[in-house]
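Novice: Numbering-wise (our numbering), the sequence shown opens with residue 3 and increments by one. Next up is a structure, given as structure tokens.
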Amino acid sequence: MNKSKINVLVFGVLSTLLLWQLLCLLTNNQSLPSPLTTIVKAWEIKGPLLLHAGASLLRILAALTIAVAIGLPFGIFMGRNRLVDRFLGPLIYFLYPLPKVAFLPVFMIFFGLGNLSKILLIFAIVSIQVIVSVRDSVKNIPAGYNQVMDNYNSSHWQKIRLLILPALLPNLLASLRVSVGISLASLFFAENYNTRYGLGYLILSAWTKMDYPEMFAGILAIGLLGFLIFSGLDAIERRTCRYR
Numbered sequence: 003m004n005k006s007k008i009n010v011l012v013f014g015v016l017s018t019l020l021l022w023q024l025l026c027l028l029t030n031n032q033s034l035p036s037p038l039t040t041i042v043k044a045w046e047i048k049g050p051l052l053l054h055a056g057a058s059l060l061r062i063l064a065a066l067t068i069a070v071a072i073g074l075p076f077g078i079f080m081g082r083n084r085l086v087d088r089f090l091g092p093l094i095y096f097l098y099p100l101p102k103v104a105f106l107p108v109f110m111i112f113f114g115l116g117n118l119s120k121i122l123l124i125f126a127i128v129s130i131q132v133i134v135s136v137r138d139s140v141k142n143i144p145a146g147y148n149q150v151m152d153n154y155n156s157s158h159w160q161k162i163r164l165l166i167l168p169a170l171l172p173n174l175l176a177s178l179r180v181s182v183g184i185s186l187a188s189l190f191f192a193e194n195y196n197t198r199y200g201l202g203y204l205i206l207s208a209w210t211k212m213d214y215p216e217m218f219a220g221i222l223a224i225g226l227l228g229f230l231i232f233s234g235l236d237a238i239e240r241r242t243c244r245y246r
């Protein structure tokens, strides 16, 4: 991380803490603990907090891995085959705007109340984003680029490795960034059902106990978890998209 990005990060954290403290002073509400109180509480429960954060992180990473493993080849196939795109495109457009959280009861009925249903919920959110972004990236590759590959008698796998993957990777990472934010919000909802570990469970449990510092510690952990995943995606982009 270069110096400018560190400065931006420090400024963002300090401005957030300052705004948070200002709201505490203005509202003077016991339900809104100060940043210092929340940080102290987070340190006191650091063991359980890390355990809950780790459980949420594993669910998200599992869903992201499955979504990319399935959505990437499927999106490439749709982008290179007009007939398949015409047939499945309307279905994708129908499913895309639907709130995936509404399918959580369905997943629980068919796949149980454990981790699988929660991972599938995140998968449902991410996979459609991946398919759409990959398909559009493949369709936007200029025809001349494909012609050049054909002139060199490139194989199908060479086209994918040297042309298609470099063309779609930036948009794929951008779609994953969007999906991660939605996934964290949805996971909070999903982890309130038949779960003993997860930040969603921690936050709701603290709320029912009226332990507001612990509740905000969980909320702060979600923000840090999102920051960690975003930073990971940025690192992948810097390493794999140098040609940009």
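Where is the CB? At the ideal position from N, CA and C, for every residue including glycine.
(1) Taking the straight line between their C-alpha atoms, what separation do you get for Pro35 and Ala55?
(2) So for Asn31, helix, strand or coil by DSSP?
(3) Would you mind listing the alpha helix (DSSP H) stretches within the segment 136–219 that are 4+ residues and don't spill past its ends, in chain order?
(4) So, Val42 versus Pro168, is the Cβ gap smaller than 9 Å?
(5) Helix, strand or coil, according to DSSP, for Cys243 in the structure here?
(6) DSSP three-state call for Asn83: helix, strand or coil?
(7) By how many angstroms is the C-alpha of Gly114 removed from the C-alpha of Leu230?
(8) Taking C-alpha atoms, which residue in Ala176, Phe191 and Ala219 lies nearest to Phe237?
(9) By the three-class DSSP mapping on this structure, what secondary structure does Leu115 have?
(10) Pick from Ser181, Arg163, Val182 and Leu206: whose alpha carbon is nearest that of Phe191?
(11) Is it buried or exposed for Phe125, if we count other Cβ within 10 angstroms and need 16 for buried?
(12) Pull up the distance between the alpha-carbon of Leu186 and that of Phe96, whole angstroms please.
(13) What is the rounded straight-line gap between the Cα of Pro144 and the Cα of Ile78?
(14) Quick one: measure Cβ to Cβ for Tyr203 and Leu53, integer angstroms, because I've assumed they're closer than 8 Å.
Specialist: Looking at the atomic coordinates:
(1) As a working note, residue 35 is residue 33 in the sequence shown. As a working note, residue 55 is residue 53 in the sequence shown. Approximately 21 Å between the Cα atoms of the pair.
(2) Residue mapping note: residue 31 aligns to position 29 of the sequence shown, counting from 1. Asn31: coil per DSSP, three-state reduction.
(3) 145–153, 158–161, 167–192 and 201–210
(4) In the sequence shown, counting from the first residue as 1, residue 42 sits at position 40. In the sequence shown, counting from the first residue as 1, residue 168 sits at position 166. Taking 9 Å as the Cβ cut-off, Val42 and Pro168 do not qualify as a contacting pair.
(5) For this step, residue 243 is matched to residue 241 along the sequence shown. If DSSP states are grouped into helix, strand and coil, Cys243 belongs with coil.
(6) Position 81 of the sequence shown, counting from 1, holds the residue named residue 83. Of the three classes helix, strand and coil, the one that applies to Asn83 here is coil, per DSSP.
(7) Translated into positions along the sequence shown, residue 230 becomes position 228. Translated into positions along the sequence shown, residue 114 becomes position 112. Approximately 29 Å, taken between the alpha carbons.
(8) Position 235 of the sequence shown holds residue 237. The amino acid occupying residue 237 in the given sequence is Ala; Phe does not appear at that position. Taking only the C-alpha atoms, the option nearest Ala237 is Ala176.
(9) Residue 115 sits at position 113 when you count from the first residue of the sequence shown. DSSP places Leu115 in coil when its eight states are reduced to three.
(10) Position 189 of the sequence shown, counted from the start, is the residue given in the question as residue 191. When each option's Cα is compared against that of Phe191, the closest is Leu206.
(11) Within the sequence shown, numbered from 1, the residue matching residue 125 stands at position 123. By the 10 Å Cβ count, Phe125 comes out buried.
(12) Working through the sequence shown from its first residue, we reach residue 186 at position 184. Working through the sequence shown from its first residue, we reach residue 96 at position 94. Going from the Cα of Leu186 to the Cα of Phe96 covers about 23 Å.
(13) On the sequence shown, residue 144 is found 142 positions in, with the first residue counted as 1. On the sequence shown, residue 78 is found 76 positions in, with the first residue counted as 1. Rounded to the nearest angstrom, the two C-alpha atoms are 15 Å apart.
(14) In the sequence shown, residue 203 corresponds to position 201, counting from 1. In the sequence shown, residue 53 corresponds to position 51, counting from 1. Not quite, the Cβ-Cβ distance comes to about 11 Å (not below 8 Å), so this is no contact.
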